[in-house]
Each structure stands twice: as C-alpha cells, then as structure tokens.
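Have a look at the structure below before the remarks.
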Amino acid sequence: MIRSLFNAAAKWTRLMAGTSTSTRARTKITAWVTLLVFFLSLSWPAGLAGAYTETSRTSETEPVAEGVTVERLNIRTTEGPLNIYVMKVDMANEYVKVDTLVGSGGVITTNRSTSNLAKEAGAVAAVNGDFFQMKEKAPIGITVQSGELVTSPALTTSMNAFGLTGDNVPVFTVFGFQGAVTAPSGIQHQLSGINKPTYQVTKDVNSDVNRLNMYTPRWGAKSRGLLQGLTGTVEMVVEYDRVKEFRLDQPGTDIPASGYVLAGHGTAAEFLQQNFLVGDQVQVSYKVIPETDNLQAAIGGQAILIKDGKRHWFSNTIFGNHARTAIGASRDGKTLYLVVADGGQTSRGMTQEEMADFMISVGAWTALNLDGGGSSAMAVRQLGDETVTLINNPSQGSERSIPTGLGIFSTAPPGELAGLKVTGPRVMVVGTTKNFTAKGYDEHYNPYYVMIDDISWTVSPGSLGRFDGSAFGAEGSGEGKVKASYRGVTREYPVRVLGSADIARLEVNPSAIAVRPGESVAFSVKVVTKQGEVFNLQPGEYEVRVGGDVGTVTGNKFTAGKSFASGQVTIKVDSTQAVVRVAVGSVEKPFYGFETARNLKYRGYPEGQVPGSFRLIKPDEPSFRGVGAARLEYDFTATDKTRAAYGNFEGGLALPGQPMGIGLWVLGDGGNSHWLRARITDASGTEKLIDLARNVDWKGWKHVTGDLPAGIQYPVTLTDIYLVEPEKGPGDKGVIYFDEISLIYPPEAGETGTAPEAQSVQKVIDPGIPVPVKLGTDLEMTFNNPAKSPVYTVKARQLWETELGTPGYNPVMPLFTVSGEADGDTQERLPGPVKITIGFKGISEPNRLRVMWWNGKKAAWQSIPAVTDIGAGTVTAKTDRLGTLGLMVDARPLPRFSDTDSSWAKGIISDMAGKRIVNGYPDGSFLPAKGVTRAEFVTLLTNTLGWEPEAEGLNFSDSIPAWAQGSTAAAVKLGVVRGYEDGTFRPHRVITRAEMAAILNQALALPDSTTPSSYDDWRDIASWAVQPVRNTKEAGVMQGSGNKFRPRDIANRAEATAVMARVLEYYVTH
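Plus 11 on top of the position in the sequence shown (first one is 1) and you've got the numbering used here.
Printed below as a string of structure tokens:
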C-alpha cells in the first residue's frame, strides 16, 4: 500500500516559523549530468550585483478578477528601460484560489508555455514556476497540486520553495523528504524521491547513484529506463501494490495507471533484486518535512530573497542582469505578490539583489526567487477577455515551455455589466483612419458579452475628427477623449492627434536603401515630436512617393526595379516629410588575401571525428594570384553523420561598411560535391550562414559568391569558411584552396551603378625638357627625358574598374594606366625615374596608403617607393615603370613587436614595418639594438628604393642566405656593394656607421659636398668615408649625435630603420 498524499492519508502539522537553508554552497552542475535549466546561472564574479538609478516611470494598474490586479511598470533608468509586472492577489477574497499548474494533462514532463498551462487549467492569471532539468523536462524542487504530491523536494538544503496551506497561509522554506520502501520480509530501503530527474544532491553526489526513486503516471507514460553513463539500473514495475516485472538496464517501460515504477541503482538495485519477487506486495510510505497542516499547493524555487521585510542572504546567487520571476507575501500573509521583470533587448533586467529590494518596495515581507531568464512569463486574463494572454516580453522572444507554474483562479459567479474596456490607438496622425473597439466586464471583472454594433462612439473636442461607426478619422491635431457608450455604461479613452505643428521630424530606417535589382527590403517609420516623444507609424499612416524609377513600395516594403538606378522614396505625414535615398545595383571590391593571414585554425564537426587542417600555403602550393592562399584539408570518412570541416579566422575578419555579399576564389578538388559555406556574426552577436556553393564539383579555380542574409545588424565579422557533407553523404577526404576574399557592395547612394566616364591625357616628351602631365586633380607626373633619349609619347587614363585585385589591399579608385611609345614601339620602362603625385580624399588612415604597380609578368601588384603628405592630401612616388598603377589602402594587420616599446625609434619602426620595408623575427621580436649585417642592409635598401631583386650575379665563395640573395645580386649589379678581395661577401658581418654612409652615398648617387662635416670625432673617420659622411649629412640622410658621428660604432637595427625612413624621403623628393 502507499501511504501518501495520493490518498490524502498523510497528516500535516503547522509549519514552524524561521525555517531557512543551512548552507550557502551553490549547486554545481558536472559535465556528465544533463544540463540543469538554471537558465540564469552564469559565471559572473561575486559582488557584481548591479545597480541602477531611476529617472522616471509610468504605470498602469488593471483588475484581472475580483481580488486580483496587475500593474505594468515602465521604468526609465540610467542603464536603459526596465519593464516590471506586479500581480497582487488578495488571499482573503472568497473568490480567489491559488494552485500549482502542472504540465499538459497533469503530466509533469509534458511541458507547455505559462499561458497555455493557464488556459488548460482555466486560470485567470499565472507565472512560471520552478527551475527544471531541460532534457527530462522535469522540475528540480517540490510540486504539490490540489493537495497531491506530484514531485518530492530535492535532497538539497540550498533550494527553497513556496507552499500554501488549505487555509491560504503562505509558506517559504526548504522542504525535506523522508520515504521508505518495505519488502515482504520487513526489510526497508530509503526512498529518495518521487518523479525526480537527475540533479546534484551535493557536490559530486548525483541523485540517481545508489538511490531508489519512484515514478508515477504524473511523470509520464514511460519510465526513465537506462540512464546515459549509468549502468546497473533496475526498474521494478508495481501495479495494484504488487510486483509485476523487473527490468535491468532496459529502455523505459509503461508506467501502470494503477501503479508506479521503482528505479534503483547500485545498492538500491540490489535491494530490489534481493528482496522482491514477481507477485510480492510492496509498501511505500513517505512524508514531506517540515510537515504542514493540509498543504494544498507548493512549487520549488531557489534563494529566499527577503525575510522579515529585509534582504536575506542568498543560498544561491544568480549573478547579472536578467529577466526574473519572484513570489512574495505580505507580513500578515493575506496578499501574494507575483513579480516578473523583463530582460533582453527591450528591458535591462534585474540582479538578484535588485529583485529582492523591489519585492520589499511593493510590500512583501518574505519573498522567493523562482526560475527566470527565458522562463520568466506572466499571463493574465485582461478585462473583457475570455482567456489569458501573455503580457510580458520573454527575453528569448517567445515563451519557453515549462513543467510547472503558479495559477490564480477565480470562482466568482457571472454578474451584471459594470464597465467597458476601450482599445484603440492612443496616438494618431492627421489624415489617417483607425478602428476602436470595446469589451464589457461585470462587477466581479468577469467578461460580459456586448453587441459591438450597438456601441455608440463620439470624440471631444469635435475638431479632432469624426466617427463612422467605430472608425475614427483624424482631421485636426490636439488632445481629446474618445467615448464609448453601451446600455447606460460609458468609458472614456484618451487620444492624441499629431500634425506638422507637433512633429519635429520623421525617422525612416534604413535611412538609405541600397539593394540589388529585384530585391526587397522592409522599412520602418517613426514620428519624433517636438517634445522628444517617439511613435511608430504603420503603413497607411503616412504617404509614400517613389522617384527615379528605382522600384515600388507596398505596405512597408520597398521592391527594387530590374535595372541599376538611383532615386528616392519620400515619406510624408501632414506637411512633414523625410527623403530616403535609393541605389539599385552592386559593386564587388577586393578585401582580403592570405599573404599575411595569422591565427588560422581548424575545427572538425563532430568533434574528434573529422581530422583536417587549415593553414597558409607553402611556396610550392597553388594560389590564384600573388603568393598567398589558404589550404583546407578534410577527412569525412570516419562517420556518416553530418560532417563539417571549418577553416576559422581566430578573432574574425571585420567586414568594412555594409556589404551585401562575399566573393571568394576556390580551387576545387574535382567532383567531391561538398557544400561550401561561410559563417558571419553580426553586431547583435547573431550567427548567420552564407551559401557560397551548393556543390564544389569543379577542377581549377572558380569564383563563387554568397549573399548576406537580410535583416542583419552591421558591422559584421567573417568567422569561418567551411565544407559540409550532409548525413549519409559519401565519405571521402580531400583538399581545396581559397584565395582573394572580396566584398559585394551596393553602389554609392545617388549613383547609377555604372562607373564614371574615364578621363585621359596624352603628352609628347621631348629629350632634355621636363614636362608635367596632369589628369585633373587625381594624377600629376613630371617627366625628365634625358637629352639623348628618343621622343616619348605618354598616355595616362583613369581606370574605374579592375579585376586585378590583390589580397590585403583595397584599391582607391580611380587607378591609372600609363603607357609610353618611343620610335613607334610600346615601352615597358622609361629611361629614368618619374615623379608621380596622386591626390586622395576621405581616407581615414592615410598612412596606410601605398602606390602600387601591376607587374604583368608576375601577375602581382608591387609597392613603389612613396611618401605621404597628409596635409596636402597627396602621395608622391618615384618609378620608371609603365602600366597600371594607383593608390591602395594596405588593409593588412600592422606588425607588432614585443621589444620596441622602450626604443627611441618605436614610431619609425612601426611605420616602416607597416610599409613592409623592415621586418621582425619569427619569435615576434625586432631586436632594435642588434647590429645590422651586410645582408640585412642591402635587403633594407632593396625594400626602400624598390630595386628589382636579381636572380643571378652572385659569384662569391661564401653562402648568401636565401632571403638576401636577390637583394644582394641587385645591389652588386648596381655597383652599390661589392665583395672582398678573397672572393667573399661576408653577409653576416655587421657594418659600421662609416660603412653605412659609404653604401648610402653610392646607392643614392649623392652629390659631393664641399662643406666639412665638422664632427668633433672627425679624426676617427677613415679617409675613404670622409666624402660619404659629408654627403649623407648634407642630404639629411645620416646625422650624428652630440656633434659626434661615431664612424666606428656598429650600426644597429633601430638606427638603420630611421636612416631608411630618411632615405625614402630623399629618394622620392629629389
């Protein structure tokens, strides 16, 4: 037999006052336990209770039923809006009843939303209840419904609960549980719980291990069966108090309608197996502690928030601002306070401390924290309605399904019509028409049916407009009242009509529309009054005009035409209007390459079952253009489940502006037909997926694109490019390559989507006569054709479109093509360097501007020596190259060094490293005090002066490092350096400052100075270095310190970098 609340045989005694928890230990959830839905238990540091300062509030209170009211509070704080809902329940009212809501059909694991639980039970109001375990959908704490124990309390001292006795006395305490199962022999075993999911009893102590639990039909149709990771579970099926069946490590079985299932593990399983046989009688007894007299309802919670009218210490603390639910009672116990605070995007939420203080402010003497976060919900039957509706805004956007809630019921009988509730717009704009309606209620606030067509409608003052039936047409601005009348009962409703005299401006979002042909985008319209109030307008409340043949507007949706175009959409209210610029079309722009990519990472899905790698290519591996690309290797053979191979950009790549799509060059691996996708994260933190190719089924390089989804919040970050193989798809392994990520943008608003007409200029350059060649304000070149050179004809033309993108650089349009002819033949180079000046505007980081030249033979862009004059808005370069050239913004990450912060040359090193003239070491250091070797110095010169590295010309007997061979050969060919008499070059020998001066004097062909250097240590300067030291000083390329040149000192890397900065300036400007 079962002695329990099921047959109401248990006797309850009065709860003793002062019961509280005995430990502050926070319940911890181990990894192997299915996630307990402590939805709010996030890991914020202790002490971050949070606080806000209230700046204003509005509130509206409405009766729900006799003895029940709900107040809606809209509080403005220094940390944003806070929305709170306070339900007050008069427990002394004869028509009020409070009870627990339990699953659909009374089954604890059949979860439903709070509002649906209330509807099914016939409640007039409800809030969500206990914390619960998500996988098994069952509450952690106690559940008592209509006097029946549905779930026993958790065997933990940190989770409090709320209970209600038969005479409506509220109880706030930690309930305990005692139970026993008795065998025919009289041997007993502790019964640990009724209808319990897995939870932590204490740290590292699981509620299923070596324990005996009972499951009734209130749990569900099936028992729990074998639990994951827990073998040795015995289920004993009991029907009509006799053993029906034993099951060892079997799936869940049917729970008898007139019985239950006892589930034991470890020692509890041994008890069942050793003390029962099929057909034996089973006796179960249990009680809840402390015993109370006739406990009618109970629901689990967490910490006691307040006790004796003061904030109480918390047995558990859920840190941070979140949506929250709490229940409290007045000092005399005659009023219950059910409170929900919204969290999420529309409300700041509350800390646990703030909720405690708020409960005190509304009148609670004792209060308990209930489940919150996405579970927080309050549903009420609003005046005139037949059933409940949700009134708060759940933090996850919609109601969560839960196992338990607390319901408020009304037993009041139907009465006579007592009032009307009017609904309709409170704010309208001149020229619009809106419908009003009204519902009736009786003296107990029960719904009362009214004939809608019999309601009479008027408005005062009459200058605001007029009614046609229930439709009100607004004709004049101002404030007034709408009056509804029905069978002698009237109700007034405030209304305000806005006209241009009230409106400061209209706000349209988006404020500019840029779309592809045929694409649609939704927009919203707001009115901002002169008092700073903001009201949302709906289609029909404003006029719309479309200009420029850009598309059409239906409702609040703009649909672009089929051709590139520019124009505007005009939104008008009364005589106030807003103009939204519209551009139809798109432009693809180079964005990112892999030459300097860092922190590439690989991740396989499922974890541990998809080996692979994601890295930069090696020198012998393919790239589409330039020297950089990424290689994604994958192995989909280990499983037939959905598999994915992720190439991850650690930290993400921030996409500038508001791109509409992404482009990518992909080297397919020939027919494996995997799905290629990208993943982005928008400004709200929401992840979105982009389809680049449904099947990678090609060989060779192919350009693919994907659209960014509508409705994302900019800016966005690209986090992954990855391959997917759906479940049961063919398992294989392979490699694909990626190069040159591009971004797809709309044309600038106001443009037509076509490139401007290219301007061009042509000049004849006679020998010996300097000739300037100008192309508007964009380009100026000064040609110095040597006296004995042929006549040159030079042409320069703007280039507004190019397919010659380069990874890591964004072109500044226009680029330019410069061609030359001499003696009837096309020339690739000029007889001497030409000074080129290019103007720029609107560049946020002008120090990142580079002058680039397209090397057709190498199919790559190369940097030309250049200096930037930020004040003049120009970049000046020097080159003898002809072809395509122009400005590009170097978007690659700036090099960072671990040891330059204390160097006097830190800024110069950073600038020159950004230009890729100097480099650091693989360990991240720069070593500014380290001496410069001969190999390093000729490499610096090559990088600074733009020499073309030579492939041949090294005939030295010693070995030159591979990284310095091309630069050394170029310097030897130009006569800048030479080897020693023994046939060596000695690349690792550090150079002195005197040697540096001699090399620079030769490299720059400096004119001889007749002015003595006048350094105090002039006697230390060797005779071969006297003229180079004079020349470099007069040119401003090398300087001494303290009027000493220190010719014998080793030149260090910091000094060499500073000298190279001056060399670059001198070379370009002379």
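For every residue, glycine included, the Cβ atom is placed at its ideal position computed from N, Cα and C.
Bear in mind that the values here come from a model prediction, so they are computed numbers and not experimental data.
| Asked | Found |
| --- | --- |
| Residue 991 beta carbon near the ligand SAM (any heavy atom closer than 6 Å) | Absence of the ligand SAM from the depicted structure is noted, as is the absence of any ligand whatsoever, leaving it without description. |
| With 16 other Cβ atoms within 10 Å as the buried cut-off, status of residue 861 | buried |
| Through-space distance from residue 276 to residue 216, alpha-carbon basis | 13 Å |
| Exposed unless 16 or more other CB atoms sit within 10 angstroms - verdict on residue 418 | buried |
| Per-residue burial, residue 462 [other beta carbons within 10 Å of its own, 16 or more giving buried] | exposed |
| Residue span of the alpha helix (DSSP H) that contains residue 307, given as start and end | Not the alpha helix (DSSP H): residue 307 falls in the beta strand (DSSP E), residues 306 to 311. |
| Within the stretch 184 to 219, ranges of the beta strand (DSSP E) (whole runs, at least 3 residues) | 187 to 193, 199 to 201, 211 to 213 |
| Rounded Cβ spacing between residue 1043 and residue 1075 (contact assumed at less than 8 Å) | 14 Å between Cβ atoms; not a contact. |
| Local Cβ density within 10 Å of residue 323, reported as buried at 16 or more and exposed below that | buried |
| Residue 623, DSSP secondary structure in three states | strand |
| Beta strand (DSSP E) runs contained entirely in the stretch 904 to 967, provided each spans 3 or more residues | none |
| DSSP bridge partner residues for residue 478 (one or two, in chain order) | 483 |
| Length at least 4, wholly inside the stretch 1005 to 1078: the alpha helix (DSSP H) runs in chain order | 1034 to 1045 |
| Three or more C-beta pairs below 8 Å linking the stretch 510 to 520 and the stretch 579 to 589 | yes |
| Alpha helix (DSSP H) segments (min. 4 residues) lying fully within the stretch 512 to 560 | none |
| In DSSP terms, what residue 392 is bridged to | Note: residue 392 sits in no beta bridge, so no partner. |
| Continuous alpha helix (DSSP H) stretch holding residue 978: start and end | 973 to 984 |
| For residue 710, three-class secondary structure by DSSP | strand |
| Reduced DSSP secondary structure (H/G/I, E/B, other) of residue 331 | coil |
| Residue 224, enclosing beta strand (DSSP E) - first and last residue | 223 to 226 |
| Touching by the beta-carbon criterion (3+ pairs, under 8 Å), the stretch 1018 to 1029 and the stretch 1053 to 1062 | yes |
| Buried versus exposed, by CB contacts within 10 Å (16 or more), residue 972 | exposed |
| C-beta contact flag for residue 961 and residue 980 at 7 Å | yes |
| Distance, residue 1047 Cα to residue 1039 Cα | 12 Å |
| Option in 429, 420, 385, 424 with minimal Cα separation from residue 409 | 385 |
| Inter-residue Cα distance where the pair is residue 594 and residue 524 | 6 Å |
| Coil, strand or helix - residue 284 by DSSP | helix |
| Those residues which DSSP pairs with residue 376 across a bridge | In the DSSP output, where bridge partners are listed per residue, residue 376 has none listed. |
| Own chain, CB closer than 8 Å to residue 591, minus 5 neighbours either side, in chain order | 519, 521, 522, 523, 524, 534, 579, 580, 581, 582 |
| Nearest candidate by alpha-carbon position, reference residue 381, set 351, 1006, 270 | 351 |
| Residue closest to residue 258, alpha-carbon to alpha-carbon, out of 284, 252, 241 | 284 |
| Burial state of residue 959 (16 or more Cβ within 10 Å) | exposed |
| Residue 516 burial status per 10 Å Cβ neighbour count (16 or more: buried) | exposed |
| CA nearest to the CA of residue 710, picked from 698, 347, 661, 748 | 748 |
| 7 Å Cβ cutoff met for residue 830 and residue 893 | yes |
| Where the alpha helix (DSSP H) containing residue 7 begins and where it ends | Nothing can be reported for residue 7: it is not among the residues displayed for the chain, which extend from 12 to 1081. |
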